[in-house]
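Engineer: So for the sequence shown, UniProt numbering puts the first residue at 1; every next one is plus one.
Beta carbons: idealized from backbone N, C-alpha and C, even for Gly.
There's a structure below that I have some questions on.
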Amino acid sequence: GRGGNAWLSPAGCAMFSVHVSIPLMSMLGQRVAYVQHISSLAVVLAVRSISGYENIDVRIKWPNDIYFGSSMKLGGVLVKSSLMLKDFHCNIGCGVNVRNKDPTICINDLVEQHNIQNKTSLSAFTTEQIVASAISQIEMLVDLFQSQGKDAFLELYYDKWLHNDMPVTIQKSDGSSVDVKIIGLDDYGYLLVESEDGTSESVHPDGNSFDMMRNLIIPKTR
């Protein structure tokens, strides 16, 4: 994971990596940080784009986590990019709990809950289905971004993330804090927040961590 964190991968956890080449001078190449957001949305849509599964509550937590609602982590993505000549080479890694009930919860638990609550009979997923669907979604979302731009992508992204107009507190490295509201992602894929006086600023994921339980964005400890 980010910052050297480990992701446990028991049997039933879908793990995959995929390489994507992005031309530097393309729409996405000029905003390459969006690749992690594309990847996160792709995992969510791997479940929720399938007929009957649209209401399975799998969502995106900024910047790169996959959650059940706002409470439990299902997985995450990690993207490492390098520029070679005129192309970004992005290596996307993903891990998501599909069939394993431990250590937290898995996608098939959510499918089972949905079936009980709604008297449906949706089939459980295999890890292979999730991997294949997620990779297909990455390809489609990259094409969408390149052909229609970030706004077309963000329309889909905001529908599946947890943070629309969410009030949060940003704790500064000097110990001070400021109350803000999340208003989206900026032009380069960083979190955009607005303070009470109407001024906005961008928050970079590499230097900050988001504590959902306390609605607090804090500097990472090194």
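Tell me whether residue 67 sits in a helix, a strand or coil according to DSSP, three-state version.
Structural biologist: As a working note, residue 67 is residue 67 in the sequence shown. In this structure, residue 67 counts as strand in the three-state DSSP scheme.
Engineer: Mapping the DSSP letters down to three states, classify residue 48 as helix, strand or coil.
Structural biologist: Reading the sequence shown from its first residue, position 48 is the one you call residue 48. Correct three-state label for residue 48: helix.
Engineer: Beta strand (DSSP E) containing residue 14: first to last residue?
Structural biologist: Here residue 14 corresponds to residue number 14 of the sequence shown, with the count starting at 1. Unbroken beta strand (DSSP E) run through residue 14: 13 to 23.
Engineer: Applying the criterion that 16 or more other CB atoms from any shown protein chain within 10 Å of the CB defines a buried residue, is residue 85 buried or exposed?
Structural biologist: Within the sequence shown, the letter at position 85 stands for residue 85. It is exposed - the Cβ of residue 85 has fewer than 16 other Cβ atoms within 10 Å.
Engineer: Using the Cα positions of residue 47 and residue 114, report the straight-line distance between them to the nearest angstrom.
Structural biologist: Here the question's residue 47 lines up with position 47 in the sequence shown. Here the question's residue 114 lines up with position 114 in the sequence shown. Distance between the alpha carbons of residue 47 and residue 114: 13 Å.
Engineer: Where DSSP assigns a beta bridge to residue 106, which residues make up the other side?
Structural biologist: Along the sequence shown, one-based indexing puts residue 106 at 106. In DSSP, residue 106 forms no bridge with anything.
Engineer: Have a look at the DSSP bridge pairing and note the partners of residue 171.
Structural biologist: By 1-based counting over the sequence shown, the position of residue 171 is 171. Paired residues: 177.
Engineer: Using only alpha-carbon positions, find the residue among 17, 197, 11 and 181 that is nearest to residue 90.
Structural biologist: Counted from its first residue, the sequence shown places residue 90 at position 90. The option with the nearest alpha carbon to residue 90 is 17.
Engineer: If you draw a straight line from the C-alpha of residue 87 to the C-alpha of residue 121, how long is it?
Structural biologist: One-based indexing of the sequence shown puts residue 87 at position 87. One-based indexing of the sequence shown puts residue 121 at position 121. Distance between the alpha carbons of residue 87 and residue 121: 45 Å.
Engineer: Between the Cα of residue 177 and the Cα atoms of 66, 196 and 146, which residue gives the shortest distance?
Structural biologist: What you label residue 177 is simply residue 177 of the sequence shown in a count that begins at 1. With distances taken between Cα atoms, residue 177 lies closest to 196.
Engineer: When you compare only the Cα positions, how much space is there between residue 44 and residue 50?
Structural biologist: Here residue 44 refers to the residue found at position 44 when the sequence shown is read from its first residue. Here residue 50 refers to the residue found at position 50 when the sequence shown is read from its first residue. Distance between the alpha carbons of residue 44 and residue 50 is about 11 Å.
Engineer: Could you give the distance in angstroms between the alpha-carbon of residue 83 and the alpha-carbon of residue 202?
Structural biologist: Counting from one through the sequence shown, the residue named residue 83 turns up at place 83. Counting from one through the sequence shown, the residue named residue 202 turns up at place 202. Approximately 24 Å, taken between the alpha carbons.
Engineer: Tell me, which residues are paired with residue 87 by DSSP?
Structural biologist: Indexing the sequence shown from 1 puts residue 87 at position 87. 23 and 84, per the DSSP bridge assignment.
Engineer: Can you name, in chain order, every residue of its own chain whose Cβ lies under 8 Å from the Cβ of residue 21, other than the five neighbours on each side?
Structural biologist: One-based indexing of the sequence shown puts residue 21 at position 21. Excluding positions up to five away in sequence, the list reads 87, 88, 89 and 90.
Engineer: Which stretch, first to last residue, makes up the alpha helix (DSSP H) that contains residue 147?
Structural biologist: Position 147 of the sequence shown, counted from the start, is the residue given in the question as residue 147. Residue 147 -> alpha helix (DSSP H) spans 127 to 148.
Engineer: Leaving aside the five residues before and after residue 53 along the sequence, list all residues of the same chain whose C-beta is less than 7 Å from its C-beta, in chain order.
Structural biologist: Taking the sequence shown and counting its residues from 1, the one referred to as residue 53 is at position 53. Correct list, in chain order: 47 and 122.
Engineer: In three-state terms, what does DSSP make of residue 29?
Structural biologist: Taking the first residue of the sequence shown as position 1, residue 29 is located at position 29. Correct three-state label for residue 29: helix.
Engineer: Name, in chain order, the residues that DSSP records as bridge partners for residue 210.
Structural biologist: As a working note, residue 210 is residue 210 in the sequence shown. DSSP, once it has assigned bridges, lists 217 as partnering residue 210.
Engineer: Going by DSSP, what residues sit across from residue 201 in a beta bridge?
Structural biologist: For the purposes of this step, residue 201 is taken as residue 201 along the sequence shown, with counting starting at 1. Per DSSP, 193.
Engineer: Would you check if the distance between the CB atom of residue 59 and the CB atom of residue 75 is smaller than 8 Å?
Structural biologist: Here residue 59 refers to the residue found at position 59 when the sequence shown is read from its first residue. Here residue 75 refers to the residue found at position 75 when the sequence shown is read from its first residue. No, the pair does not count as a contact, with Cβ atoms beyond the cut-off.
Engineer: Compare the Cα-Cα distances from residue 182 to each of 191, 174 and 175 and report the closest residue.
Structural biologist: By 1-based counting over the sequence shown, the position of residue 182 is 182. For residue 182, the nearest C-alpha among the options comes from 191.
Engineer: With H, G and I counted as helix, E and B as strand and the rest as coil, what does DSSP make of residue 74?
Structural biologist: What you label residue 74 is simply residue 74 of the sequence shown in a count that begins at 1. Three-state DSSP puts residue 74 in a strand.
Engineer: How is the beta strand (DSSP E) around residue 60 delimited, first residue to last?
Structural biologist: Reading the sequence shown from its first residue, position 60 is the one you call residue 60. Segment 58 to 61, the beta strand (DSSP E) holding residue 60.
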